[in-house]
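Protein chains: 2
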Amino acid sequence: MRHTARVSANAYEGLKARLGEVWDVTKAAYLLSWDQQTMMPPRAGPVRAAQLGTLSKLAHELFVDDEVGRLLDRLDGFEAELPYESDEASLIRLARREWEKERRVPTELREAMARTAAEAYPIWVEARQRSDFSLFRPCLERNVELRRRYAACFDVEEPYDALLDDFEPGMKTAEVRAVFAELKQGLVPLIAEAAAIEIDDSCLRGHFPRERQRELDAIVERFGLTEGSWRIDPTEHPFAASMATTDVRLTSRYPEHELMGLFATMHEYGHGLYEHQVDPALERTPLARGTSLAIHESQSRMWENLVGRSRPFWRFFYPELQRVFPEQFSGVELETFYRAINRVRPSLIRIEADEATYSLHIILRFELEQEILAGTVDLATLPEEWNARMRDYLGVEVPDDARGILQDVHWARGSLGYFPTYALGNVISVQLWERIRAALPDLDAELERGEFASLREWLRENVHRHGRKFTPSETLQRVVGGGIDPGPYLRYLGDKLRELAAA
Amino acid sequence: MRHTARVSANAYEGLKARLGEVWDVTKAAYLLSWDQQTMMPPRAGPVRAAQLGTLSKLAHELFVDDEVGRLLDRLDGFEAELPYESDEASLIRLARREWEKERRVPTELREAMARTAAEAYPIWVEARQRSDFSLFRPCLERNVELRRRYAACFDVEEPYDALLDDFEPGMKTAEVRAVFAELKQGLVPLIAEAAAIEIDDSCLRGHFPRERQRELDAIVERFGLTEGSWRIDPTEHPFAASMATTDVRLTSRYPEHELMGLFATMHEYGHGLYEHQVDPALERTPLARGTSLAIHESQSRMWENLVGRSRPFWRFFYPELQRVFPEQFSGVELETFYRAINRVRPSLIRIEADEATYSLHIILRFELEQEILAGTVDLATLPEEWNARMRDYLGVEVPDDARGILQDVHWARGSLGYFPTYALGNVISVQLWERIRAALPDLDAELERGEFASLREWLRENVHRHGRKFTPSETLQRVVGGGIDPGPYLRYLGDKLRELAAA
Chain Y
1 MRHTARVSAN AYEGLKARLG EVWDVTKAAY LLSWDQQTMM PPRAGPVRAA QLGTLSKLAH
61 ELFVDDEVGR LLDRLDGFEA ELPYESDEAS LIRLARREWE KERRVPTELR EAMARTAAEA
121 YPIWVEARQR SDFSLFRPCL ERNVELRRRY AACFDVEEPY DALLDDFEPG MKTAEVRAVF
181 AELKQGLVPL IAEAAAIEID DSCLRGHFPR ERQRELDAIV ERFGLTEGSW RIDPTEHPFA
241 ASMATTDVRL TSRYPEHELM GLFATMHEYG HGLYEHQVDP ALERTPLARG TSLAIHESQS
301 RMWENLVGRS RPFWRFFYPE LQRVFPEQFS GVELETFYRA INRVRPSLIR IEADEATYSL
361 HIILRFELEQ EILAGTVDLA TLPEEWNARM RDYLGVEVPD DARGILQDVH WARGSLGYFP
421 TYALGNVISV QLWERIRAAL PDLDAELERG EFASLREWLR ENVHRHGRKF TPSETLQRVV
481 GGGIDPGPYL RYLGDKLREL AAA
Chain A
504 MRHTARVSAN AYEGLKARLG EVWDVTKAAY LLSWDQQTMM PPRAGPVRAA QLGTLSKLAH
564 ELFVDDEVGR LLDRLDGFEA ELPYESDEAS LIRLARREWE KERRVPTELR EAMARTAAEA
624 YPIWVEARQR SDFSLFRPCL ERNVELRRRY AACFDVEEPY DALLDDFEPG MKTAEVRAVF
684 AELKQGLVPL IAEAAAIEID DSCLRGHFPR ERQRELDAIV ERFGLTEGSW RIDPTEHPFA
744 ASMATTDVRL TSRYPEHELM GLFATMHEYG HGLYEHQVDP ALERTPLARG TSLAIHESQS
804 RMWENLVGRS RPFWRFFYPE LQRVFPEQFS GVELETFYRA INRVRPSLIR IEADEATYSL
864 HIILRFELEQ EILAGTVDLA TLPEEWNARM RDYLGVEVPD DARGILQDVH WARGSLGYFP
924 TYALGNVISV QLWERIRAAL PDLDAELERG EFASLREWLR ENVHRHGRKF TPSETLQRVV
984 GGGIDPGPYL RYLGDKLREL AAA
């Protein structure tokens, strides 16, 4: 027994050391990717693509090695004796799930996916600049073909399940369809009602110099991230990346004709805080990350919308906004501003969409992705297909590819199956928010004083610190006692819109 | 024969693919290290150290693998049939030399060296802050002991040869001793003469705001690096790093009490241009790098001193300096400025030393390193030994360890054998310069017009494009038709000082 325990402890240390190396290489690749989008001289693109391909291949090879399988086998009994929630059992459980998944994917395929995606990125940038989908189409074709081969590696009910599982472990396409059906049904009348609400949002149009927008990013310090653990840089398409819980990189963008940077920054802060508040004991293990993209998005949406478009937050922050942009806001009442940032109007660009219409942008992409994967839509006519549905779901006319099908980076990166997590994140954010409001009755007063510690701490305690110890559905079960439910989100939107209509 | 040729071609492609992966991991580690010194939030330090350790271990394991040895064996005949100067023969030759070298070092020893160096670094930082060598001595002892074990892995005439070979492949300690003996003999009287030359350098003291110093870095664009292939960032200790020939990162520093940034930037430009002008056909192979540290330093010194402290360059650039710092230079004649930046005066700190005294700082370190390695000097009395030689060679009194023996990071990092390459670089820079002047009779006139293309092209054609295809001594033989010779460097300094004395 004593001998067996020692053997198991050795096997566990061996597994942890190996997973630590895999994680180091994975995080190195994150840095190369962050650098590619923020710092890298553009001519380095092709070599960077090769470097990312190699790191991805090495991380994969190190992980899917037979030795990892042998260690996992030797740890069967050890795991069974540990509490399910222990760090050790959770690490073994996650490693086993991912090892069995990754073993199904040939290294050659994985490398081709990484390389093709890296090559596609600069082409997408150029295609978007020129607003010409045909430039990008060959890249999309290659990415889709590789994703089909990828999906074929798994026993799944439908190919899309395999893609979705990478971002939302355990989630099935059929569940997403059901949630989205309910969502669409609830949203369409809400958006129609919203169209009738008179809101003057002219204060949001004007000239917002980039450097002054960047001043507002200081809100992130007030929200709270440990000093010396993060940075913010401008980029084309905002994202958050972490190379360690102590190395959180937010990015934002600052078009000068609108007040965009601040909301993008608050959004990315939500992602960054999740990674930052993972238990430091999980550092350099694959547990040191958010459990899924939908749960991740629930965090970014919470800070962007539930905090960042709320009255209490703006009672605190509006004077600061007025100080930075006096020409724009010194003569504008707080209530006018509040109504403006909560205006619901169908629009062209997903990342600029309001809280209510946003999910329809996602539903459109989710539908198209399934059809692209199934080959039931011709890629040559994809822009027309896109434009037709934009007209149908949102009633807007798409003037060009740049503001249509080329607006998102995801398909350039080969990330099919990623989009649904955004709308699921919206839904989950309000499910969590209901719990938070019940647990923190003074939250509004705290937000009005610019105090965010108890919100941050609640998130740490209930969600963040666990990293990937629990699956997304286990996480939801533990926190809200059930599965994904669009009810709270639709109620929240309905209440908000009715209140705006009544005023 | 046809079959054999195909087998060899396959083996060559196999070797090239493996070396490409090793190179990708190596370059990824360069990026992590660049990021650590320019962008990384400071709290990420410990995790970054682990990430760098993992990448270094993986690159080593991938390279020393038996499979690489088998491929090299299969390529014996193939290599013999290729021209020595071909890319293929050069890659095989370099890989064989490095594989045989790396295989001799036990992994355990390599890890101990890396770990001990990492542990020594913060202790050196503290010892330097407290100016107390005795704190650092145990670390130096451990580093030296490991370097002795490292040297014992090789068949060398004297242990120092093994250390030197890592930085200057093929160079022997005895050669360095001979070069440095001639150098010292020539420098001591030159420096004594220089002390008698009256030079007013008060214009170089004052207040030089950082942002305005950074404006001057635009000189790098004029010197010439392909747009979209490089960037400059501030750092604590300037360096140049390249992640690809198309991804050159210069760093500089800008203390505000002196005009330092510009010279540091010109220096790092020299390093960066070397990496940038390697033949793109060598990209993603271990040939895509400067051939040795001395040849590298000859490039940085050339741009910093032979261009950057010359009259023709300043005839072109002085108006720009006056525009950026009018308070400082509008009333100062070009000739006064020229004399100031070329003033020779013994001083305490190596990295602040002038062109002439610099090499004596190096000779002192080279002598001590040999004695430390041989155990013929007592580490307890090393500071006194240092101070005595500073008095003897440069006539300066060392006030404390911080400005004496603790000023450089190299021994904390375990890098014995590195220092000599700095002085060898000075010497080589002028050997090359004599050839350049012969080949480009209009160079002075071009520099006066701010034209650097023919200089850049000469360097590309004769030195840079070859990367590591030739050893440093082969490189010198090809370009100057001989070995390292301090004659040109001493003549250059002598001429310059005599001219300053005559004015």
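Those protein sequence lines, which keep their order, are chains Y and A. Using our numbering, the first residue of the first sequence is number 1, and each one after it goes up by one. Using our numbering, the first residue of the second sequence is number 504, and each one after it goes up by one. The C-beta atom is built at its ideal place from N, Cα and C for all residues, glycine as well. On a predicted model such as this, the values are computed, not experimentally measured, just so you know.
- In the DSSP annotation of this structure, the continuous segment of the alpha helix (DSSP H) that includes residue 93 of chain Y starts and ends at 87 to 102.
- Residue 234 of chain Y is positioned such that its CB atom lies no closer than 8 Å to that of residue 468 of chain Y.
- Using a Cβ distance threshold of 8 Å, residue 525 of chain A and residue 581 of chain A do not count as a contacting pair.
- DSSP places residue 750 of chain A within a strand segment (E or B) once states are collapsed to three.
- Following the DSSP letters along the chain, one finds residue 234 of chain Y inside the beta strand (DSSP E) bounded by residues 230 to 234.
- Within the segment 549 to 579 of chain A, the residues whose Cβ lies closer than 9 Å to some Cβ of chain Y are 549, 550, 551, 553, 554, 555, 556, 557, 558, 560, 561 and 565, listed in chain order.
- The alpha-carbon separation between residue 909 of chain A and residue 639 of chain A amounts to approximately 9 Å.
- For residue 627 of chain A, the closest Cβ of chain Y is not nearer than 8 Å.
- Bounds of the alpha helix (DSSP H) holding residue 341 of chain Y are 334 to 341.
- Annotation: residue 210 of chain Y has no Cβ neighbours in chain A at a cutoff of 9 Å; minimum Cβ distance is about 18 Å.
- Within chain A, the C-beta atoms nearer than 8 Å to that of residue 226 of chain Y come from 546, in chain order.
- Residue A/776 holds the alpha-carbon nearest to the alpha-carbon of residue 730 of chain A among A/968, A/776, A/987 and A/941.
- In summary, residue 662 of chain A is buried, with 16 or more beta-carbon neighbours lying within 10 Å of its beta-carbon over all protein chains present.
- Using a 10 angstroms sphere on the CB of residue 296 of chain Y, the tally of other CB atoms reaches 16 or more, which defines it as buried.
- The beta carbon of residue 780 of chain A sits closer than 8 Å to the beta carbons of 748, 959, 962, 963, 967 and 968 from its chain, once the five residues preceding and following it are set aside; these are given in chain order.
- With contacts defined by Cβ atoms closer than 8 Å, residue 447 of chain Y and residue 398 of chain Y do not form a contacting pair.
- Within the segment 25 to 36 of chain Y, 25, 27, 28, 31, 32 and 35 place their CB atoms closer than 7 Å to a CB of chain A, listed in sequence order.
- Proximity of the segment 325 to 336 of chain Y to the segment 374 to 393 of chain Y falls short of the contact definition, fewer than three beta-carbon pairs being nearer than 8 Å.
- Per the DSSP secondary-structure output, residue 708 of chain A pairs in a beta bridge with A/761.
- In the DSSP annotation of this structure, residue 741 of chain A is not part of any alpha helix (DSSP H), being labelled neither H nor E.
- At least one CB of chain A lies nearer than 8 Å to the CB of residue 284 of chain Y.
- DSSP links residue 957 of chain A through a beta bridge to no other residue.
- Look at the segment 739 to 755 of chain A: the residues with a C-beta under 7 Å from a C-beta of chain Y are 746, 747, 749 and 750.
- Under the Cβ criterion of 8 Å, residue 390 of chain Y is not counted among the residues facing chain A.
- Under the three-state reduction of DSSP output, residue 415 of chain Y falls in the coil class, being neither helix nor strand.
- Note: residue 298 of chain Y is not bridge-paired with any residue in the DSSP secondary-structure output.
- A distance below 8 Å separates the beta carbons of residue 293 of chain Y and residue 418 of chain Y.
- Classified as buried, residue 264 of chain Y has 16 or more neighbouring CB atoms from the shown chains inside 10 Å of its CB.
- Taking a beta-carbon distance threshold of 8 Å, residue 40 of chain Y counts as an interface residue toward chain A.
- Sixteen is the threshold: since fewer than 16 other Cβ atoms of the shown chains lie within 10 Å of the Cβ of residue 587 of chain A, the residue is exposed.
- Relative to residue 29 of chain Y, the option among Y/338, Y/421, Y/310 and Y/241 whose CA is nearest is Y/241.
- Residue 364 of chain Y has its alpha-carbon roughly 11 Å from the corresponding atom of residue 371 of chain Y.
- Looking at the backbone, the Cα of residue 671 of chain A and that of residue 596 of chain A are separated by about 16 Å.
- Separation of residue 222 of chain Y and residue 252 of chain Y (C-alpha to C-alpha, rounded to the nearest whole angstrom) is 17 Å.
- Of the residues Y/491, Y/385, Y/462 and Y/362, the one whose Cα lies closest to the Cα of residue 177 of chain Y is Y/362.
- Chain-ordered, the chain A residues with CB closer than 9 Å to the CB of residue 229 of chain Y read 544, 545, 546 and 547.
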